[in-house]
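Q: Dropping a structure here in structure tokens format, bear with me for questions.
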């Protein structure tokens, strides 16, 4: 069947056939035991065959991919409890994952790269990050595809389910069940007074062995570093599970907003969560090395956001970038906004959706280092040079400030006293003045005391992807790493931060840092409170506000001396002398900084062109950056 772009406008019976077409690849025997079947249940043209630049038209494939793992294979030994799972007649553990692909209809017109995204809680995020698109579980419309950047670049976009505790239609994996003993411990923070709380980070399959078990505990504390206070067992009980199947706890005295409650109980319903690592490894390997599958590429890159960025750090650490034939799964690995975190992805009674402690876990660096016990480890220390991928880390200041991220530890010594030298195959970048995921513009009040931070990241991400492709292709090195350093004072212990006293009086030096006595190092700031190191986008270089990687909890949601997880602040500059005097704001007026809007935009354009020269913005995105800054000016002057 000819799937050239010229055929897409010809619909009718041919189009109906394509939509209903089911393509099954069954692999007999053990020649390719890792992937045993790929089933494509629906194969449809994207946007009725609309071409995307030189790449032409795209098609969407939706289906499943089936796997078989040999528990005795050394490449699978790291998968916790795999040996306890049921085995088929072939002695292997079988399971299935969802598959979603957007690929060039004519593969010869693509760039030959399989760009995997590690799905964050079953969602698809990279179209929003790179294409300026509306995020959607089933990208179908023009708005869902955005400006088509990834398609014009020629990528085959691949999503494979890896997380077992998400519900359809989100991407998921059917991780094997195992009958093993264990305990579950997880926290919750409520934003309002209530007598019941759903522990949404708990998989629905994890239920108490005995709901009345006297050994189950519920504790409360104000800060993570505080000693938990046990609550009487008679004062709380397990309730009927929530509609989403998650366990629910009822506390007679009520959950206080902003406080940290932790439940611990003996559980049943365990799954082999670590097969998610193998699914990503084996799908990438099969699609790049085999010729009998409906998805193919010459090479493979992988990108992950936040939770899925932490997944990638652990994926590397646990050795999964080498397939069962000791071939490289990915040539480029890009954990985004993961900090120094990993996660509960591969352990008994794993909590893959759990984003709180203990996200920050040793090892923190790519090269081997020793912890306090003398144990030596590094994220890349398991791989010979031929299996090591190129690695890009991108973080925002949130990952330096957040309790469970400690991003500075990815590039400093464990005691926080000296900078480390990154390996040649690793780049690290701070997206200065941004938050974990940029807030909508214009920013609106939310859970924080300050407005959330809308400073954009997308232009830099697009430029880095193009640079990463040239780097992974062996053509041009990626731009040098750009992040705060101890030796030049752009990285500092939190108690030496020179943050100005701003309206509202929030003092970031009181923010709770990493646990386990780890150093608390954050980016240093200028007299406005804006960071001075990292990749600084035009709206941060030419500011209209102080923008941070932290935001204290609003009083109405409790505990206002602690921060909202993953949220930054936007603290606008004063516009008039009266506004400045009323709020005792030490920062200069906007009118003292810029003559008018034209002057402001002239400086924005100069900043954007400087980023193009350094490789952190594409020339084609300069005008978009200037136009967005113009909207920012209009809003800031009339808000």
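Residue numbers (my numbering): 1360 to 1998.
Yeah, the Cβ is synthetic: ideal placement off N, Cα and C, and Gly gets one too.
Because the structure is a prediction, the values reported are computed rather than measured.
Out of 1959, 1962, 1870 and 1957, which has the shortest C-alpha to C-alpha gap to residue 1918?
A: As a first step, residue 1918 is located in the chain shown; it is residue number 559 there, counting from the start. Nearest C-alpha to residue 1918: 1870.
Q: Which residue spans inside the region 1655 to 1721 form an unbroken alpha helix (DSSP H) run of at least 4?
A: 1666 to 1676
Q: Are the Cβ atoms of residue 1996 and residue 1930 separated by less than 9 angstroms?
A: As a first step, residue 1996 is located in the chain shown; it is residue number 637 there, counting from the start. As a first step, residue 1930 is located in the chain shown; it is residue number 571 there, counting from the start. In terms of Cβ geometry, residue 1996 and residue 1930 do not form a close pair [threshold 9 angstroms].
Q: Out of 1753, 1470 and 1719, which one is the CA nearest neighbour of residue 1694?
A: Numbered from its first residue, the chain shown carries residue 1694 at position 335. It is 1753 whose Cα lies nearest to the Cα of residue 1694.
Q: Starting from the N-terminal side, write out each stretch of the alpha helix (DSSP H) that is 4 residues or longer and does not extend beyond the region 1798 to 1878.
A: Within the region 1798 to 1878, the runs of alpha helix (DSSP H) that reach at least 4 residues and sit entirely inside it are, in chain order, 1817 to 1831.
Q: So, for residue 1887: in the same chain, excluding its five sequence neighbours on each side, which residues have a beta-carbon less than 6 angstroms away from its beta-carbon?
A: Within the chain shown, the letter at position 528 stands for residue 1887. By the criterion of a C-beta distance shorter than 6 angstroms, residue 1887 is surrounded in its chain by 1905 and 1946, once the five residues flanking it on both sides are discounted.
Q: Given a cut-off of 9 angstroms on the beta-carbon distance, is the pair residue 1712 and residue 1402 in contact?
A: One-based indexing of the chain shown puts residue 1712 at position 353. One-based indexing of the chain shown puts residue 1402 at position 43. Cβ distance not < 9 angstroms, so residue 1712 and residue 1402 don't count as in contact.
Q: So, residue 1643 versus residue 1659, is the Cβ gap smaller than 9 angstroms?
A: For the purposes of this step, residue 1643 is taken as residue 284 along the chain shown, with counting starting at 1. For the purposes of this step, residue 1659 is taken as residue 300 along the chain shown, with counting starting at 1. Result yes, Cβ atoms of residue 1643 and residue 1659 sit closer than 9 angstroms.
Q: Using 8 angstroms as the cut-off, can you tell me whether the region 1590 to 1605 makes contact with the region 1414 to 1426, which would need three or more C-beta pairs spanning the two stretches below that distance?
A: no
Q: Return the CA-CA distance between residue 1677 and residue 1441, expressed in angstroms with no decimal places.
A: As a first step, residue 1677 is located in the chain shown; it is residue number 318 there, counting from the start. As a first step, residue 1441 is located in the chain shown; it is residue number 82 there, counting from the start. Taking the straight line joining both Cα atoms gives about 15 angstroms.
Q: Can you check whether the CB of residue 1518 is closer than 9 angstroms to the CB of residue 1473?
A: Working through the chain shown from its first residue, we reach residue 1473 at position 114. Working through the chain shown from its first residue, we reach residue 1518 at position 159. Cβ atoms of residue 1473 and residue 1518: not closer than 9 angstroms.
Q: Residue 1961 to residue 1955, Cα distance in whole Å?
A: As a working note, residue 1961 is residue 602 in the chain shown. As a working note, residue 1955 is residue 596 in the chain shown. Taking the straight line joining both Cα atoms gives about 10 angstroms.
Q: Since residue 1424 is in the beta strand (DSSP E), which residue starts that stretch and which ends it?
A: One-based indexing of the chain shown puts residue 1424 at position 65. Per DSSP, residue 1424 belongs to the beta strand (DSSP E) from 1417 to 1428.
Q: Are residue 1988 and residue 1980 close, meaning C-beta to C-beta below 9 angstroms?
A: On the chain shown, position 629 is the one that residue 1988 refers to. On the chain shown, position 621 is the one that residue 1980 refers to. In this structure, residue 1980 does not lie closer than 9 angstroms to residue 1988 by Cβ.
Q: Report the three-state DSSP secondary structure of residue 1993 (helix, strand or coil).
A: Counted from its first residue, the chain shown places residue 1993 at position 634. Helix at residue 1993.
Q: Which of the three DSSP states, helix, strand or coil, is assigned to residue 1957?
A: For the purposes of this step, residue 1957 is taken as the residue at position 598 of the chain shown. Correct three-state label for residue 1957: helix.
Q: Using CA coordinates, which residue listed in 1742, 1739, 1721 and 1738 is at the minimum distance from residue 1732?
A: The residue labelled residue 1732 in the question sits at position 373 within the chain shown. Nearest option by C-alpha distance: 1721.
Q: How is residue 1476 classed by DSSP in three states: helix, strand or coil?
A: Taking the chain shown and counting its residues from 1, the one referred to as residue 1476 is at position 117. Three-state DSSP puts residue 1476 in a strand.
Q: With H, G and I counted as helix, E and B as strand and the rest as coil, what does DSSP make of residue 1434?
A: Reading the chain shown from its first residue, position 75 is the one you call residue 1434. Three-state DSSP puts residue 1434 in a helix.
Q: Less than 8 angstroms between the CB atoms is what I'm expecting for residue 1311 and residue 1925, so what's the real figure, rounded?
A: The shown model of the chain, from 1360 to 1998, leaves out residue 1311, and the question about it has no answer.
Q: For residue 1803, does the count of other Cβ atoms within 10 angstroms reach 16, so buried, or fall short, so exposed?
A: Locating residue 1803 in the chain shown gives position 444, counting from the first residue. Per the 10 Å Cβ criterion, exposed.
Q: Please identify the residue among 1616, 1557, 1850 and 1890 whose C-alpha is closest to the C-alpha of residue 1600.
A: Numbered from its first residue, the chain shown carries residue 1600 at position 241. Closest option to residue 1600, Cα to Cα, is 1557.
Q: Spatial neighbours of residue 1858 within its chain, please: CB distance less than 8 angstroms, with the 5 preceding and 5 following residues excluded, ordered by chain position.
A: Position 499 of the chain shown, counted from the start, is the residue given in the question as residue 1858. Excluding positions up to five away in sequence, the list reads 1866, 1867, 1868, 1884 and 1888.
Q: Tell me where the beta strand (DSSP E) around residue 1614 begins and ends.
A: Counting from 1 along the chain shown, the entry for residue 1614 is found at position 255. Note, residue 1614: beta strand (DSSP E), 1607 to 1614.
Q: Where do the N-terminal and C-terminal ends of the alpha helix (DSSP H) with residue 1503 fall, by residue?
A: By 1-based counting over the chain shown, the position of residue 1503 is 144. Element bounds for residue 1503: 1501 to 1504.
Q: Determine the extent of the alpha helix (DSSP H) in which residue 1641 is found, giving its start and end residues.
A: Numbered from 1 along the chain shown, position 282 holds the residue referred to as residue 1641. Element bounds for residue 1641: 1634 to 1648.
Q: Spatial neighbours of residue 1793 within its chain, please: CB distance less than 6 angstroms, with the 5 preceding and 5 following residues excluded, ordered by chain position.
A: As a position in the chain shown, residue 1793 is number 434, starting the count at 1. Answer for residue 1793: 1755, 1814 and 1816, listed in chain order.
Q: So what's residue 1404 in DSSP terms, helix, strand or just coil?
A: In the chain shown, residue 1404 corresponds to position 45, counting from 1. Looking at residue 1404 - three-state DSSP - the assignment turns out to be strand.
Q: My parser needs the beta strand (DSSP E) runs of 3 or more residues fully inside the region 1735 to 1805; what are they?
A: 1749 to 1754 and 1785 to 1789
Q: Which of helix, strand or coil does DSSP assign to residue 1543?
A: In the chain shown, the residue the question calls residue 1543 occupies position 184. Three-state result, residue 1543: strand.
Q: State buried or exposed for residue 1777, treating a residue as buried only when at least 16 other CB atoms are found within 10 Å of its CB.
A: Along the chain shown, one-based indexing puts residue 1777 at 418. Counting Cβ neighbours within 10 Å, residue 1777 comes out exposed, since fewer than 16 surround it.
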